[in-house]
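The sequence shown begins at 341 in my numbering and counts up by one. Using N, Cα and C, we set each Cβ at its ideal position, and we do this for glycine too. Keep in mind the model is a prediction, meaning the values are calculated, not measured. Step one of this worksheet: look at the structure below.
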Amino acid sequence: MAATLKTDTRQKIIDSTLSLISTRDVNEISLQDIANAANITKGTLFYYYNSKELIFEDITIEYLNGLATRYYEWINNADKDTSFPRLAKYVLDFGARYGERSKVHIYLVNKALSDNKQLCELFREKYRSWREIIKKTIEERIDEKEKAEGYADLLLILIDGLIVQDLVGIENIDTKQIVSLIIDK
Numbered sequence: 341m342a343a344t345l346k347t348d349t350r351q352k353i354i355d356s357t358l359s360l361i362s363t364r365d366v367n368e369i370s371l372q373d374i375a376n377a378a379n380i381t382k383g384t385l386f387y388y389y390n391s392k393e394l395i396f397e398d399i400t401i402e403y404l405n406g407l408a409t410r411y412y413e414w415i416n417n418a419d420k421d422t423s424f425p426r427l428a429k430y431v432l433d434f435g436a437r438y439g440e441r442s443k444v445h446i447y448l449v450n451k452a453l454s455d456n457k458q459l460c461e462l463f464r465e466k467y468r469s470w471r472e473i474i475k476k477t478i479e480e481r482i483d484e485k486e487k488a489e490g491y492a493d494l495l496l497i498l499i500d501g502l503i504v505q506d507l508v509g510i511e512n513i514d515t516k517q518i519v520s521l522i523i524d525k
């Protein structure tokens, strides 16, 4: 019961933070704002998280884990066309559509680059993991296996670029055309 309450409170904090992010700039959100939105005391918030960066890290980890789950469900669905061109489009589409988490992602990348070595290592670890997952999946779908790593790198780079484009309001980016430009046919 206590473990469930702990998990529920943690999730309530994350959900409340995401709700705040949808209406405000990440830099303007304080721990007190998060506590108020979650309807808990600041002391309770500190029990779970002593900085908003830790909340944002959990949001990022939760989201990336969710992406991995959806990715595996998609590639293992026998009813789907998971050929390399479709795989590349799928990776770009679902990887770049962070929604409100885009703000958190960019905020955390900025923090990692400016002063947070632990966060920087978390990003390195997650990017390496995603790179390996995508590379292995591509290798299963192309004849020239030596190109899989380059394709995986390119897709990850494009995802970050698409996130930035989305945040600044660039619309109607044709990921299908991007995929056709990068894949030899």
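Would you report the Cα separation of Ile369 and Ala418, rounded to the nearest angstrom?
-> 44 angstroms
Apart from the five residues just before and just after Tyr403, which ones in its own chain have a Cβ nearer than 6 angstroms to its Cβ?
-> Arg441
Taking one C-beta from the segment 424-436 and one from the segment 487-500 each time, how about it: are there three or more such pairs within less than 8 angstroms?
-> yes
What are the start and end residues of each continuous alpha helix (DSSP H) run of 4 or more residues lying completely inside the segment 364-427, in chain order?
-> 371-378, 382-388 and 392-415
Glu350: which of Val366, Ser469, Lys392 and Ser362 sits nearest, CA to CA?
-> Residue identity check: residue 350 is Arg in the sequence provided, not Glu. Looking at the Cα atoms, Lys392 is the closest of the given residues.
Cα-Cα separation, Glu472 to Ala492 = 8 angstroms
My guess is that Glu397 and Leu448 are in contact by the Cβ rule of under 8 angstroms, so how many angstroms apart are they, rounded?
-> 7 angstroms
Report the option in Ser454, Leu502, Asp355 and Val508 whose CA atom is closest to the CA atom of Ala375.
-> Asp355
With a 10 Å radius around its C-beta and 16 neighbouring C-beta atoms as the bar for buried, classify Phe424 as buried or exposed.
-> buried
In chain order, what residues of the same chain lie with their CB nearer than 8 angstroms to the CB of Leu385, ignoring the 5 residues before and after it?
-> Ile353, Leu371, Ile374, Ala375 and Ala378
With distances taken from CA atoms, which of Lys476, Thr477 and His445 is nearest Phe463?
-> His445
CB of Val366 within 7 angstroms of CB of Lys443, strictly = yes
Quick one: Cα of Ile482 to Cα of Ser520, how far?
-> 15 angstroms
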